[in-house]
Amino acid sequence: MVSEGKSKGKTRGRRLQKLVEKKKLRDDVFTEDNKSLDVEADEQIDEVDPKIKTPFFGLVDSSELDYFKQAESTLNLNAFATSEEKTIFINSVFEEAKGKEMKLVTNQICSKLVERLILNSNDRQLKSLFKAFNGHFVALAHHKYASHCIETLLVKSAAVVEKELLNPNSLKEEQDDADGDEPFVTMENMVLYMIGEYKSYLKAMMQHVYASHVLRLILMILAGRELPSSVLSNSILRSKKSKIARKMIEIKDNADSNRAYQIPSIFFEELKEILMIIYQDLNTAKVREACINPISSPTFSLIISLEGLVLKDRPFWNLVFQKQDDPKDPKEEAFVEYLLSDPIGSHFFEAVLKQARLKNVERLFRLYMSERVVKIAKRETTGVYIIQLLLQRLKSQDLFKVMDDLVPNLNELIINNLEIAKALIDASISKKNYAKDEIIKKLLEFFNKSVNEETKNTIFIENVLHLSSSTLGNTRGDWPTAEERRRALFLEKLMAYDDTFLKLVIENFLNFSSSKTLIDMCYHGIFSHIVEQVLENFVKIDIITRRKLLNSLLKGGDEIIVNLACNSYGSHILDKLWFFTIKMNNYKDRIAKILFDNREKIKNSIYGKLVWKNWSMELYARKQYEWNSLKKQQELEYFPLPTTEESKEKESGNNKVRGRNRF
């Protein structure tokens with residue numbers, strides 16, 4: 001009876017309904033004729049798989065494993081007395097690894113050692129690894145651990161290619177030092193040889209969870225783009241799962257990543273050839289399906305951003321979207337709608353719109369998004385990111401329309417997404433404060449409304465920062481959260497946007513029920529920046545308000561000043577007080593005296609030493625007259641005396657006869 005009732009009962013929940021709607025939308029975008037990609041892709045990968053299965057290179061025996069684990073640990077600690085000692089150690093490890101490179105690179109533990117060796121290798125050692133990997137690059141790129149080593153190898157090799165290109169003499173020296181038995185090869189040729197191994201497997205690599213990372217890095221090197229870190233967990237090469245895994249591996253990067261390198265012209269020819277190989281046998285249906293695939297999507301977005309360097313007609317863009325002069329297309333409209341509602345699709349859409357020609361961006365906006373900006377912005381995990389990007393890219397006419405649609409609905413949009421408000425503020429600033437008054441009004445309505453009488457005097461800062469539920473003043477040593485960081489940055493943005501918010505924050509500081517809250521903010525890794533920004537704006541704050549704020553900060557007496565000076569975050573607050581106390585010499589002298597009286601403790605602290613220096617306390621201790629002159633000089637710098645003309649005007653104003661002329 002119960003089971004029958006359940007089977008006949010109405011399906012509950014809106015999630016199922018959304019899934020059904022999303023499936024219907026996907027079916028609308030990809031018709032039966034277009035659904036062949038999954039089958040074809042699977043067939044293609046299955047066809048290639050036998051060729052790219054990683055061969056068995058042998059196991060690392062226990063004695064070798066112990067040695068290499070110890071070597072990896074030693075490099076990780078980096079406790080070498082001199083650089084020469086480190087070089088000797090690395091050379092010995094390279095010598096021990098000779099002939100064992102393949103089984104090391106495919107071993108979970110030893111692959112970390114290989115990454116460290118690559119990062120610390122010289123040019124000759126790097127080339128020896130290239131030679132050891134020759135003929136196996138395809139298999140290694142598809143391997144869970146070896147693929148990371150290949151990425152690190154590529155980043156390091158890009159630096160060597162630039163070095164050989166800009167300094168041909170280094171090539172000659174290396175050629176003279178090379179062994180007579182082995183032919184000398186440039187790093188440029190080694191990279192090209194590696195890429196040659198990959199050319200028959202490019203489409204399979206795009207669909208592979210590890211090899212796709214290697215392919216993206218190759219494309220960036222050939223295009224001369226800035227190379228991301230291959231070892232950091234937050235690298236753009238990493239997928240979400242890979243980022244989590246890389247956090248468990250402590251490998252420090254070197255200076256080779258996060259920069260672009262000069263490349264030979266032949267690299268552009270290689271890039272063009274690779275793109276044309278990938279382009280073969282593609283059609284719109286296949287490409288659109290690949291663009292929403294979690295593995296191939298990042299690669300396609302990168303290809304679309306790079307193709308303009310070597311393919312002026314931009315064939316990949318024209319496969320995904322219509323040309324810039326084409327009218328509205330029903331299939332394209334359905335595809336754009338899917339991109340706006342799908343997490344992977346929206347990420348792809350955002351990436352390609354960043355680099356697309358403005359005319360193409362404007363066409364897509366006007367045809368498919370202009371009439372429903374607010375509806376798209378309400379999609380908190382998908383469409384809102386596209387709207388934020390459009391606020392950066394659109395020209396005035398379209399931008400004003402987007403802002404006019406969003407501002408009246410701002411309070412609804414920022415409930416779960418402060419970034420849309422930041423994007424609106426940036427857009428307003430870029431267009432000479434367009435709609436500034438309306439934006440301020442909406443933000444004040446949202447953040448400055450009181451829930452109960454007890455918190456009404458501090459409600460603005462509470463609503464923005466959520467101080468009552470934050471890590472402020474905790475004794476467990478919890479790290480500030482990402483949410484706290486986002487909210488603090490948002491408040492800093494508001495204070496920079498208009499002085500109304502600065503005055504509100506100061507008013508809230510003065511109305512804290514306990515001065516301890518303000519002091520706790522000075523010690524907090526995130527919220528201390530808000531206090532700093534308030535103190536930096538001392539020119540905008542009148543003397544009376546500054547005095548009140550200083551009284552709140554100094555209420556704890558001498559101990560507060562000393563503790564702030566010796567704290568990593570509080571010391572920055574004290575540095576700002578050097579400027580905040582301009583024209584308030586009684587406060588400046590009081591703080592200086594406290595620092596001087598506690599000079600032993602201050603000078604024994606790393607942070608205290610910096611405060612001592614920034615307050616010119618050596619001058620205070622030895623030549624107080626010069627320190628007083630420094631105060632006066634600082635005062636004139638920020639509050640200069642009126643010019644001669646201004647003085648005359650003021651003087652003539654003072655000399656006017658008040659009242660009736662008695663003559």
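Residue numbers (full-length UniProt numbering): 1 to 663. By construction, the Cβ of each residue, glycine as well, lies at the ideal position given by its N, Cα and C atoms.
The criterion of a C-beta distance shorter than 8 Å is satisfied by residue 582 and residue 635. Under a 10 Å Cβ-count criterion, residue 478 is classified as exposed, with fewer than 16 other Cβ atoms of the shown protein chains found around its own Cβ. The closest CA to that of residue 116, considering only 360, 77, 413 and 140, is found on 77. DSSP places residue 590 within a helical segment (H, G or I) once states are collapsed to three. In this structure, DSSP gives residue 394 a state outside helix and strand, which the three-state scheme calls coil. Membership of residue 578 in the alpha helix (DSSP H) is indicated by the continuous run 570 to 580. Per the DSSP secondary-structure output, residue 227 pairs in a beta bridge with 259.
Looking at the backbone, the Cα of residue 382 and that of residue 489 are separated by about 22 Å. In the structure shown, residue 608 falls within a helical segment according to DSSP collapsed to helix, strand and coil. With fewer than 16 neighbouring CB atoms inside 10 Å of its own CB, residue 640 falls in the exposed class. C-alpha of residue 528 to C-alpha of residue 499: approximately 19 Å in a straight line. Around residue 601, the same chain offers 562, 566 and 608 as residues with beta carbons nearer than 8 Å, after the five sequence neighbours per side are excluded. Around the beta carbon of residue 458, 16 or more other beta carbons sit within 10 angstroms, so the residue counts as buried. Going by DSSP, residue 379 is part of no alpha helix (DSSP H) at all; its letter is neither H nor E. Close CB contacts of residue 341 within its chain, under the 6 Å cut and outside five residues either way in sequence, are with 382 (chain order). Judged by DSSP in its simplified three-state form, residue 529 adopts helix. Closest in alpha carbon position to residue 549, among 587, 318 and 569, is 587. Of all C-beta pairs linking the region 334 to 349 to the region 291 to 298, three or more are shorter than 8 Å, placing the two stretches in contact.
Following the DSSP letters along the chain, one finds residue 584 in no alpha helix (DSSP H), marked with neither H nor E. Exclusion of the five residues before and after residue 263 leaves 224 as the residues of its chain whose Cβ lies within less than 6 Å of its Cβ. Contact check for residue 150 and residue 214: beta-carbon distance about 5 Å, within the 8 Å limit, so the pair qualifies. The continuous stretches of alpha helix (DSSP H) do not include residue 295, and DSSP gives it neither H nor E. The alpha carbon of residue 436 has as its nearest neighbour, out of 406, 417, 170 and 462, the alpha carbon of 406. Around residue 518, the same chain offers 509, 512 and 552 as residues with beta carbons nearer than 6 Å, after the five sequence neighbours per side are excluded. Spatial neighbours of residue 358 in its own chain (CB-CB distance under 8 Å, excluding positions within 5 residues in sequence) are listed in chain order as 393 and 395. DSSP places residue 110 in the uninterrupted alpha helix (DSSP H) bounded by 108 to 119. For residue 540, the CB contacts under 8 Å within the same chain, skipping 5 residues up- and downstream, are 499 and 502 in chain order.
Straight-line measurement puts the Cα of residue 347 at about 49 Å from the Cα of residue 615. Taking the Cβ atoms as the reference, residue 80 lies roughly 18 Å from residue 68, outside the contact range of under 8 Å. Shortest Cα-Cα distance from residue 199 to any of 578, 62, 321 and 276 involves 276.
Setting aside the 5 residues that flank it on each side, residue 261 is surrounded in the same chain by 158 and 162, each with a C-beta closer than 6 Å to its C-beta; the list follows chain order.
For residue 479, no alpha helix (DSSP H) segment is defined, and its DSSP state is neither H nor E.
For the 8 Å CB-CB criterion, residue 461 and residue 505 form a contact.
Here residue 203 is near residue 278, since their CB atoms are less than 8 Å apart. Judged by DSSP secondary structure, residue 566 falls outside any alpha helix (DSSP H); it is assigned neither H nor E.
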